[in-house]
Every structure is written in structure tokens, then in C-alpha cells.
Amino acid sequence: MKSLLASLALTTALTLPGLAIARPVTLTTTLNNYGGDGAYLALYVTDASGAYVGSLWMAGSKSKYYEHLSDWYRATGGDPGQINGITGASVGAGRTLEITLDLADALFDAGFTLHIDAAVEDMRDSPNEVAVPLTTEGAGTSVRGRRYIASFAYDM
Amino acid sequence: MKTTLTAFALAIILPAGAAFADDDCNAPRDRWQPHEALMHLARQNGWTVKDFEIDDGCYEIEGRDRDGREIEVKLDPATLQIVEMDYEEKDGKRARNPAPAGTVAPPQNGLFGNGAPPQVQVN
Chain A
1 MKSLLASLAL TTALTLPGLA IARPVTLTTT LNNYGGDGAY LALYVTDASG
51 AYVGSLWMAG SKSKYYEHLS DWYRATGGDP GQINGITGAS VGAGRTLEIT
101 LDLADALFDA GFTLHIDAAV EDMRDSPNEV AVPLTTEGAG TSVRGRRYIA
151 SFAYDM
Chain B
1 MKTTLTAFAL AIILPAGAAF ADDDCNAPRD RWQPHEALMH LARQNGWTVK
51 DFEIDDGCYE IEGRDRDGRE IEVKLDPATL QIVEMDYEEK DGKRARNPAP
101 AGTVAPPQNG LFGNGAPPQV QVN
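Just so you know, the sequences run in chain order A and B. First residue of the first sequence: 1, per our numbering; consecutive thereafter. First residue of the second sequence: 1, per our numbering; consecutive thereafter.
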């Protein structure tokens, strides 16, 4: 019952963003010099059970390439509605993408994970390149990606 | 009694159903921006306008973007925000691309605390 109430509280907080308490969070993603075209990056969040919750950012504007961000694509069916208003240009090798957004407080220390899928034209796809649990303690800690991402950190 | 309840239930359901069948844009006519404002926005975005019409209560532009790709853009006539944007790709296929950052509000997925668009820069 307690967990039901907790999940109900969380669901309510998540479905009513206007009422949720939020804090500004900066997501910093630095790509390594992989020597290729600009990378497509999908930043999204899953809950404690691994289910997709929503997207935070899509670097790369052409939907026909989104299938290469395969975990994100599988979770969303490539639905542009998931990323309307949060889409920008792809990110060049060696560059740093810095996103500042107001994230709902309910996302921290509650089992949510931030994922980044990456893809580069004519190079190998890299789904789940980064997966970091969203915790207040983990803020400011830099992690390495598997293929294209040299470092990722969230600060608040 | 059962009939009354069914009718009552229907009365509750129907307005929601009717809303789904509504237009894509719902701004009242007196709040619509003038045609000139739309054309000004098109010029700012580097679009060449071939055709303009009103569809489903929205402004709709057909033309080309600054890269020469064929585009079809549906805009809210009151706010001139992009409701939907389609590109024609080089291979002739039509891809439905998401609206770029800042042109519409971020998705209401509960992640964005205050609904403000993210601030982004690439260094």
C-alpha cells in the first residue's frame, strides 16, 4: 500500500509538471574525437523498472536517422511528438553539448536513470552509450561513454 | 434507471469525444495574426512560400526551406508556433520531423519542471 501511494504520488507529480517542484540542472556531454560526422544523441529517462518515461533532448533533426538510436527508437516508435520542442542540431566530434533545463525534483533519488543513445553516419550505432542513475549524490560526477562520448555529467 | 445512467454516462463521454474530432488549431478568429506576420516569419526562417492555405483551423505553408528541401508547415494562427512540420527528403520520401527547440513547448512528459524550453549551447 505504501509503495502504491508512493508510485501514485510520483505519477501525480510527473503528470502535473506545473505542480512539481523543479530545479535547474545542467547536462554536459563532451564527445571524443572519433573522426566522423556530427553525432545524433538521444537523452531520455527510464524509471526503476527500466520503462521509458520521456525524452529530455534530441541532438539531430532528421527523423529518418532516429532508428539508429535504437533503444530510444524501440521505446518510442520514433514518435516525433516525444521530442517536439526539444530538438537541435547534431553535435560534432570533440564538441561539448550543454543543456540547462528545469528537471522535476521527483526524478532524483527515486530509481530513475538517464540514458544517452548515440549514432554517427557510416559508423557503428551506440545505444545506451551512457546510463547514469539520477541521484543528488551523483551530481557533478563525470562518467565515460562507451564509444563516442568522452564524458557526461549532470550538475545542479 | 439503467437508461438514465447510460444517458448520463454518454453525456459525460461525448464532450471529450467531440474534442478529439476538433481542429488541430483552436484559436478564435479575432486572435489570428495577420497574413503579413506569417510571411515575415517565413522570411526570417528562410522559407520560400509556394502555397498558403488554412487547414484544420491552422495556417499551412507549402514551400522550400533555406536548404531547398520541400516543406509543409502547419502553424497556430494566433501564436505562429509550429504545430507540425514535414520535410520532403532527397529520395522523395516524406519524413515527419520534430519541431525544433523553441518553436513549440517541450513535451508534457512530467520531466520538465516548469514547462520552460531547455537552454542549449554547443561549445
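The beta-carbon is built from N, C-alpha and C at its ideal position, and this holds for glycine as well.
Requested in this report: Go through its chain and collect everything with a Cβ distance to R146 of chain A's Cβ below 7 Å, but skip five positions before and after it.
Outcome: S126, E129
Query raised in the report: Does DSSP classify T3 of chain B as helix, strand or coil?
Result: Because the pLDDT at T3 of chain B is just 45, under 50, the model does not fix this residue reliably, and the value given afterwards should be weighed accordingly. In the structure shown, T3 of chain B sits in a helix (DSSP, three-state: H, G or I).
**Report entry** Partner residues on chain B for W72 of chain A, Cβ-Cβ distance less than 8 Å
**Finding:** Those within 8 Å of W72 of chain A in chain B number zero; the least Cβ separation is about 12 Å.
**Report entry** Assumed close pair G113 of chain B, A89 of chain A - CB separation to whole angstroms, cut-off 8 Å
**Finding:** Actually they are not in contact, since the Cβ atoms of G113 of chain B and A89 of chain A sit about 25 Å apart, beyond 8 Å.
Report task. Using a cut-off of 7 Å between C-beta atoms, extract the partners of L101 of chain A located in chain B. Result -> In chain order: F112, P118.
Query raised in the report: So, helix, strand or coil for S55 of chain A, using DSSP?
Result: DSSP, reduced to helix, strand and coil, places S55 of chain A within a strand of the structure shown.
Requested in this report: Put E67 of chain A into one of helix, strand or coil per three-state DSSP.
Outcome: E67 of chain A: helix per DSSP, three-state reduction.
Query - Separation of V120 of chain A from G35 of chain A, as counted between CA atoms - result: 10 Å
Requested in this report: Excluding the 5 residues preceding and the 5 following T30 of chain A in the sequence, name in chain order all residues of the same chain whose CB lies nearer than 6 Å to its CB.
Outcome: T96, A150, S151
Requested in this report: Could you check how far apart the C-beta atoms of G85 of chain A and P34 of chain B are, in whole angstroms? I think they sit under 8 Å.
Outcome: That belief does not hold up - the Cβ atoms of G85 of chain A and P34 of chain B are roughly 25 Å apart, past 8 Å.
Report task. For the beta strand (DSSP E) containing A119 of chain A, list its first residue and its last residue. Result -> Where A119 of chain A is concerned, the enclosing beta strand (DSSP E) starts and stops at 113–120.
Query raised in the report: Leaving out the 5 sequence neighbours to the left and right, which residues in its chain are closer than 7 Å to I83 of chain A when beta-carbon positions are compared?
Result: S55, M58
Report task. Could you tell me if A77 of chain B is buried or exposed, where buried requires 16 or more neighbouring beta carbons within 10 angstroms of its beta carbon? Result -> Residue identity differs from the one stated: residue 77 of chain B is Pro in this sequence, not Ala. Buried: at least 16 other Cβ atoms inside 10 Å.
Query raised in the report: Leaving out the 5 sequence neighbours to the left and right, which residues in its chain are closer than 6 Å to E60 of chain B when beta-carbon positions are compared?
Result: E53, K74
Query raised in the report: What residues in the stretch 130–152 of chain A bring their beta carbon closer than 9 Å to a beta carbon of chain B?
Result: none
Query raised in the report: Which first and last residues belong to the alpha helix (DSSP H) in which R124 of chain A is found?
Result: R124 of chain A -> no alpha helix (DSSP H), and no H or E assigned at all.
Requested in this report: Output the boundary residues of the alpha helix (DSSP H) element that contains R43 of chain B.
Outcome: 35–44
**Report entry** Rounded straight-line distance, which links the Cα of L114 of chain A to that of Y44 of chain A
**Finding:** Those two C-alpha atoms are separated by around 6 Å.
Requested in this report: Assuming G63 of chain B contacts V49 of chain B (C-beta within less than 8 Å), just tell me the rounded distance between them.
Outcome: 4 Å
Query raised in the report: Under 8 Å between the Cβ atoms of D86 of chain B and E72 of chain B?
Result: A contact, by the Cβ cut-off of 8 Å.
**Report entry** C-beta neighbour in chain A for N97 of chain B, strict 8 Å
**Finding:** With 8 Å as the cut-off, N97 of chain B counts as an interface residue toward chain A.
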